[in-house]
DNA sequence: AGATGTGAACACTTTCACAGCC
DNA sequence: GGCTGTGAAAGTGTTCACATCT
C-alpha cells in the first residue's frame, strides 16, 4: 500500500500522483477566480465544473492533499487556494531565465501569466550579439556568454528553452551544468539530461498532429456511416495487409 | 461527460490508444531525421533512444498500427514514415486559422514547424481593426468580423486560439459554430465545447507550476536527508492539521 | 543470431457508490 | 439532507520476458 520501495514508513500518503499534480494548477486557477469574486465556499461539483473535470476526480485529488473540505458544506476557497499554492511551491519566488529571444521567447517574456503566481523572469538570454542590451518586455537581453554567471547570480533553478532545435541540447547542457534542475522546453527536440533534472516539453507541432489524427478519425467515421465496409481512407492498412503498400504507392512521405 | 456508450461494437482492434497517438509525432520526427540522413532501417532500440522512450513501449505502440517491422532486422525508415504520416492524417493538407495575433499569435504564425507536416496557416484573425491588413509572417491579418466567412471559404477544421483569456470562449463558440471541430487553445481558460469537438490545451503557466512542484520536492528531500524528521518546509500541513494555518498566517494567496 | 510482436503481469488512473460527518 | 472522503472496481498504460520469424 505504501508508495513503494521507500526506506521510510511514509508520513502517511507521501507522494501525490503525477496526474493529480498536473491538475492542481487548474483547480488553483478556478479557485483564484472564485476568490476574486469573494465566493467563500465551493462544492466539489461546482469547482469541478469550473475546472473542467468531474467531481469524483476532484475529490480524489484533494484527498491526497489532506481533508480540507467540510462535509455537507464544501471547501473554503481561501484556505484551499493557500494549501494548493503551498503544495505546488508557489508561496516562494521562482526566478526563471528564458533562453532564445526570438518570436516565441519574446512572447513568453511578455506573457502575463508568467510573471504572476510566483514566477519571475530573472533574465532573458540570446546568442545574437545584436540583441544584447535591447529590452524585451522591459528586461534587457543578455548574451549567452554570460549564461552561467546569470544562473548563479540569480539562483535560477528553472530554465525555459525557446531556441531553435539545433541549439537546444547545447543550451540545455549549459543550463544544467550551471545548476538548473527544471527545464521547460519549447524547441522541437528530445533533450537528454542527467538523472534528477526534470524536463517538460511544449510542442506545438505535436499538439496539431494529435488534433489531425482525431480530425481524420471523425471524417472516417462519417464516411463509414454512409458506406459500412472498412475500405475507407481511414480504415485501410490494418494488420493483415502487411505485404506491400496497402494503397497505391508507398513512399510519398511529407513536404519538408 | 462521455456518457457516450460506444455506439459501435469496435471492429477488432479499432482505435489506437491515446497514449500511443500522442507518441506517434515523436517517432515521426525521429524517423524524418533518419530519413534525411538516408538511413534505410532502424531497430526499435535505436529509434526508441532517438525518440526518448523505451524500446518495449515503442514496439507495443507500433503493434497497434500493424506489423511493419522485419524480425531480425528492424523497421524500414521510409515505409514507417509513410505509415505514421498516414495514420496521423498528415498526408492531407490541414488549413488552420490562428485567432489572436498578439505576441504569441505572431510567434505561432512564424513558427516553422507549423507550416511543415501538412499544416498550412490559412488565415490570421485579430479583433484589433488597426491590425487588419498588416502582414504577419507574410500573411495579412483579417478582422474578427469575417471569421465565419474565412472558416467556410477555406474549409478550416482546425483553429488555434491565442487570444487573451477573456475572449477565448467567445472566439471558440464562433469557431465551432462556423464548423471548426478541433481547437488548440493557448489561452489560460477552460473552454467548453459541444460533444464531438476536440480541444487541446497548451498552458505555459501550468507547465511551470508542475515544474515548481517537483523543484520544491527536490529541495525538500535534500533537507530531509540532513534532518530526518518530517517537520521540514515540505512535509508540514498534512491531514491532522486541518484547523488553522499550519504555518504562521493562512490567507496570503498570491500576487496578481 | 537477432530483433520484432505480444500475452501476461504490473502500475497507475479514473470512476463508482456509499459510509461518515456536518 | 447534503457533500466530503475513500475503499473497491474498472479502465488505461507500461514493462517484462519470450515465442516467433527472418
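Protein chains in written order, with full-length UniProt numbering: chain A, 1 to 256; chain B, 1 to 256. The beta-carbon is built from N, C-alpha and C at its ideal position, and this holds for glycine as well.
Residue of the options minimising C-alpha distance to residue i
| i | options | result |
| --- | --- | --- |
| residue 103 of chain B | A:108, A:195 and A:124 | A:108 |
| residue 38 of chain B | B:173, B:143 and B:30 | B:30 |
| residue 190 of chain A | B:52, B:110 and B:19 | B:52 |
| residue 203 of chain B | A:126, A:19, A:56 and A:26 | A:26 |
| residue 17 of chain B | A:214, A:223 and A:220 | A:214 |
| residue 80 of chain B | B:112, B:216 and B:69 | B:69 |
| residue 84 of chain A | B:48, B:127 and B:209 | B:209 |
| residue 42 of chain B | B:65, B:24 and B:78 | B:78 |
| residue 93 of chain B | B:110, B:111 and B:116 | B:116 |
| residue 158 of chain A | A:197, A:216 and A:219 | A:197 |
| residue 257 of chain B | B:124, B:111, B:112 and B:91 | There is simply no residue 257 of chain B to check, as chain B begins at 1 and stops at 256 in what is shown. |
| residue 145 of chain A | A:95, A:155 and A:171 | A:171 |
| residue 110 of chain A | A:195, A:136 and A:183 | A:136 |
| residue 211 of chain A | B:211, B:194 and B:185 | B:185 |
| residue 127 of chain A | A:32, A:73, A:143 and A:82 | A:143 |
C-beta neighbour in chain B for residue i, strict 8 Å
| i | result |
| --- | --- |
| residue 229 of chain A | With a pLDDT of 42 at residue 229 of chain A, under the threshold of 50, the predicted position of this residue should be treated as unreliable, though the coordinate-derived value follows. By this cut-off, residue 229 of chain A is not an interface position. |
| residue 59 of chain A | no |
| residue 198 of chain A | yes |
| residue 232 of chain A | Since pLDDT at residue 232 of chain A reaches only 36, below the 50 mark, its modelled position is unreliable, and the value read off the structure follows with that caveat. Chain B, which has no Cβ nearer than 8 Å to the Cβ of residue 232 of chain A, makes this no. |
| residue 210 of chain A | yes |
| residue 190 of chain A | yes |
| residue 124 of chain A | no |
| residue 218 of chain A | yes |
Neighbour flag for residue i against chain A, beta carbons, 8 Å
| i | result |
| --- | --- |
| residue 40 of chain B | no |
| residue 248 of chain B | Any reading at residue 248 of chain B must be qualified, since the residue scores a pLDDT of 26, below 50, and its modelled position is unreliable; the value itself is stated next. No, no contact with chain A. |
| residue 143 of chain B | no |
| residue 62 of chain B | no |
| residue 75 of chain B | no |
| residue 215 of chain B | yes |
| residue 207 of chain B | yes |
| residue 179 of chain B | no |
| residue 156 of chain B | no |
| residue 184 of chain B | yes |
| residue 111 of chain B | yes |
| residue 121 of chain B | no |
| residue 56 of chain B | no |
| residue 22 of chain B | yes |
| residue 25 of chain B | yes |
Beta-carbon proximity list for residue i, same chain, < 6 Å, skipping 5 on both sides
| i | result |
| --- | --- |
| residue 6 of chain B | Confidence is the limiting factor: at residue 6 of chain B the pLDDT is only 33, short of 50, which leaves the residue's position unreliable, though a coordinate-based value still follows. For residue 6 of chain B, where only same-chain residues beyond five positions count, there are no Cβ hits under 6 Å. |
| residue 178 of chain B | 148 and 151 |
| residue 140 of chain B | 133 |
| residue 174 of chain A | 147 |
| residue 181 of chain A | 157 and 197 |
| residue 206 of chain A | none |
| residue 50 of chain A | 30 |
Residues near residue i by beta carbon distance below 8 Å, same chain, minus five either side
| i | result |
| --- | --- |
| residue 187 of chain A | 100, 161, 162, 163, 164, 165, 167 and 168 |
| residue 48 of chain B | 54, 55, 57 and 58 |
| residue 45 of chain A | 55 |
7 Å CB neighbourhood of residue i in its chain, flanking five on each side removed
| i | result |
| --- | --- |
| residue 131 of chain B | 101 and 141 |
| residue 230 of chain B | Low confidence applies to residue 230 of chain B: its pLDDT is 37, below 50, so where it sits in the model is not reliable, and the reading given next is rough at best. Answer for residue 230 of chain B: no residue qualifies. |
| residue 24 of chain B | 84, 87 and 88 |
| residue 34 of chain A | 42 and 77 |
Give, in chain order, every unbroken run of the alpha helix (DSSP H) that is at least 4 residues long and sits entirely within the UniProt DNA-binding region "H-T-H motif" (26-65) of chain B.
Counting whole runs of 4 or more residues, the UniProt DNA-binding region "H-T-H motif" (26-65) of chain B contains the alpha helix (DSSP H) stretches 44-51 and 55-65.
When the Cβ atoms of the stretch 115-128 of chain A are set against those of the stretch 45-62 of chain A, are three or more pairs found closer than 8 Å?
No, because fewer than three Cβ pairs between the stretch 115-128 of chain A and the stretch 45-62 of chain A fall closer than 8 Å, the two stretches do not touch.
Report the start-end ranges of each beta strand (DSSP E) in the UniProt domain "CoA-binding" (89-190) of chain B that is 3 residues or longer and not cut off at the edges.
Counting whole runs of 3 or more residues, the UniProt domain "CoA-binding" (89-190) of chain B contains the beta strand (DSSP E) stretches 94-99, 119-126, 139-143, 158-161 and 182-185.
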